[in-house]
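Trainee:
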Amino acid sequence: MKDADRRNMVGRYSALLLQVKDNRDWDQEVDTALVKSLGEAALVKLIPVWEPQLTVAEWDNDRQSETFGLPKMFNFNEQPVGDEAFVGPMRGEPVHPSRVILFCEGSEDDNVLSGIPLLEAGYNKGLDLEKVSGGGAEGFLKNASRQIAVEFSKETDMNTLADQAKKAGYADLGEAMGDKVNKLNRGTDAAAVMQAGQMHVLSVTPGDPGPTWEVTANELAASVQIPFTILFGQQTGRLASDEDKTDWAIRRNTRRNGFLTDRITALLERLWTLGVIEPPTKGEVTISWSDLLAPGEKEKIENASKLADIVQKTSGFYGGEPPFTANELREIVGLDPLPEPQEPQKPDEKVITDDPLADDTRSEGKGGPADSSAQ
């Protein structure tokens with residue numbers, strides 16, 4: 000399910016294919032009678048697929064049908080998604096909807112055309128980030144390459160220089176100067192000797208890509224609803240980081256209790272409908288998640304310490320009774336409550352001692368009555 004959820008972030012939908020042992024082709028409805036007889040052994044595996052791998056082959060157009068407007072048949076393409084070359088069998092397989100669990104986040108009716116890809120809104124911003132960072136690196140490289148310009152004075156006889164270049168084996172003066180400049184750039188201890196010329200390094204002051212990159216990164220973070228400090232690391236102060244963590248935990252809790260709970264419930268319902276697992280006694284399931292906003296161990300200890308100070312300062316205002324009991328403080332820290340104290344014995348009952356030296360075996364090693372005498 001994790002892989003199917005990850006694939007859903009890229010496309011409008013993704014899916015889980017249920018491969019079961021029912022001796023039927025995938026284009027037929029699952030044989031629930033055979034699956035129930037096998038139980039959990041009937042489920043072979045769950046196959047997560049991308050949107051391009053699973054397309055709708057036929058829609059249900061019967062207005063009297065309960066599944067009107069939903070896919071009546073899917074087509075599964077086994078070819079993996081991507082630009083890399085794939086070696087192996089590539090074929091299409093029709094799949095019945097009873098073997099498919101759809102993941103369409105953003106769609107309220109599980110319509111494959113209504114899903115909202117998580118990365119769609121910020122896709123262009125991701126390209127902009129690559130351009131800004133790549134452009135900054137390219138500018139740095141060009142400045143470091145030492146592009147040299149040679150300037151000659153007006154008294155320089157260019158014809159004489161051209162003749163000397165040709166005598167040295169070059170086609171013209173430009174080729175000779177290009178070769179000298181290349182050797183100067185390649186060598187770490189190379190030198191250029193000139194009589195009436197000057198060499199200048201062509202360089203520009205590149206713009207700082209930081210502000211542009213940060214603005215684009217914030218837009219990308221807003222498009223996927225992830226705080227900037229969570230997506231790219233902690234860049235601001237501690238207070239802002241803590242607020243971002245809280246906001247991110249709230250969104251994750253919401254997604255857990257909403258979309259993910261719905262998909263897990265749908266998978267469980269499909270499994271007990273097919274007979275892979277036994278249905279619950281009440282016909283429904285409850286998905287429980289850990290609270291991401293729950294305080295950590297350090298926060299629990301700090302809260303308990305503050306409450307202990309309150310107990311110490313306010314106990315006198317409640318007739319000597321503390322506002323919090325010891326078990327309530329232990330619960331905040333996450334410890335088990337203390338056992339309840341035993342009620343004292345009534346006055347008319349005989350007092351049983353716990354003297355380990357008592358040799359009276361009538362009380363099974365717990366000692367005899369306090370007023371008993373030797374027999």
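Under numbering that gives the first Met the number 0, the sequence shown has 304 at position 305, and the numbering climbs by one with no breaks.
All residues carry an ideal CB built from backbone N, CA and C; glycine is no exception.
Can you tell me which of ASN256, ALA216, GLY196, GLY168 puts its alpha carbon nearest to the alpha carbon of GLU129?
Mentor: The candidate whose alpha carbon is nearest that of GLU129 is ALA216.
Trainee: Excluding the five sequence neighbours on either side, which residues of its own chain have a C-beta within less than 8 Å of the C-beta of THR54, listed in chain order?
Mentor: Hits under 8 Å: PHE73, ASN74, ASN76.
Trainee: Here's a check: name, in chain order, each residue in its chain whose Cβ is nearer than 8 Å to the Cβ of TYR122, leaving out the five neighbours to either side.
Mentor: Excluding residues within five positions, none has a Cβ falling inside 8 Å.
Trainee: Could you work out which residue in VAL99, GLY257, VAL203 is closest to GLU137 when comparing CA atoms only?
Mentor: Checking every option, the nearest Cα to that of GLU137 belongs to VAL203.
Trainee: Under 8 Å between the Cβ atoms of PRO118 and VAL9?
Mentor: Checking the sequence, you will find Leu at residue 118 rather than Pro. Against a cut-off of 8 Å, the Cβ pair of VAL9 and LEU118 comes out as a contact.
Trainee: Here's a check: name, in chain order, each residue in its chain whose Cβ is nearer than 8 Å to the Cβ of GLU330, leaving out the five neighbours to either side.
Mentor: Within the same chain, GLU330 has close Cβ partners PRO336.
Trainee: Measuring from the CB of ARG255, is there a heavy atom of the ligand FMN at a distance below 7 Å?
Mentor: The ligand content of the structure shown is nil, which means the ligand FMN is not present either.
Trainee: Apart from the five residues on each side of it in sequence, which residues of its chain come closer than 7 Å, Cβ to Cβ, to ALA191?
Mentor: Counting only Cβ-Cβ distances below 7 Å, and skipping sequence neighbours, we find LYS179, LEU183, MET198.
Trainee: Select from THR31, ASP108, ILE263 the residue whose C-alpha is nearest the C-alpha of ASP21.
Mentor: The option with the nearest alpha carbon to ASP21 is THR31.
Trainee: I need the boundaries of the alpha helix (DSSP H) containing MET193, first residue and last residue.
Mentor: Where MET193 is concerned, there is no enclosing alpha helix (DSSP H), given that its DSSP letter is neither H nor E.
Trainee: What does DSSP give as the partner residues of GLY91 in its beta bridges?
Mentor: According to DSSP, which records beta bridges pairwise, GLY91 is partnered with ASN76.
Trainee: Could you tell me whether the region 241-261 touches the region 287-295, where touching means 3 or more Cβ pairs closer than 8 Å?
Mentor: Enough Cβ pairs lie closer than 8 Å, so yes.
Trainee: Of the residues ASN302, ILE263, VAL149, which one's Cα is nearest the Cα of PHE323?
Mentor: Checking every option, the nearest Cα to that of PHE323 belongs to ASN302.
Trainee: Considering only residues of the region 5-38, which uninterrupted alpha helix (DSSP H) runs meet the minimum length of 4 residues and lie entirely inside it, listed in chain order?
Mentor: Segments of the alpha helix (DSSP H) lying fully in the region 5-38: 31-37.
Trainee: Determine the direct distance from the alpha carbon of LEU334 to that of ASP24, and round the result to whole angstroms.
Mentor: Whole-angstrom Cα-Cα distance: 55 Å.
Trainee: Going by beta carbon distance, what residues of the same chain come within less than 7 Å of GLY364, once the five residues before and after it are set aside?
Mentor: Confidence at GLY364 is low in this model, with a pLDDT of 48, below 50, so the placement of that residue is unreliable and no value is reported for it.
Trainee: Check whether the Cβ atoms of SER13 and ALA120 sit closer than 8 Å, and answer yes or no.
Mentor: Cβ distance not < 8 Å, so SER13 and ALA120 don't count as in contact.
Trainee: What distance in whole Å lies between the Cβ atoms of LEU16 and ARG98, which are believed to be in contact at a cut-off of 8 Å?
Mentor: Going by Cβ atoms, the distance from ARG98 to LEU16 rounds to 6 Å, so yes, they are a contact pair.
Trainee: For the candidate residues ASP4, GLN78, ASP188, LEU140, whose alpha-carbon lies nearest to that of PRO47?
Mentor: It is ASP4 whose Cα lies nearest to the Cα of PRO47.
Trainee: With C-beta atoms as the reference, is LEU382 less than 8 Å away from GLY125?
Mentor: The displayed coordinates of the chain run from 0 to 374. Any statement about residue 382 would go beyond what the structure contains.
Trainee: Note down, in chain order, each residue of its chain lying with its Cβ closer than 8 Å to the Cβ of VAL19, except the 5 sequence neighbours on either side.
Mentor: Excluding sequence neighbours, VAL19 sits near VAL29, VAL34, ALA41, LEU42, VAL43, ARG98, LEU273, VAL275.
Trainee: From which residue to which residue does the alpha helix (DSSP H) around GLU330 run?
Mentor: Element bounds for GLU330: 325-332.
Trainee: Identify, in the order they occur along the chain, each residue of the same chain with its Cβ nearer than 7 Å to the Cβ of THR211, setting aside the five sequence neighbours on each side.
Mentor: VAL131.
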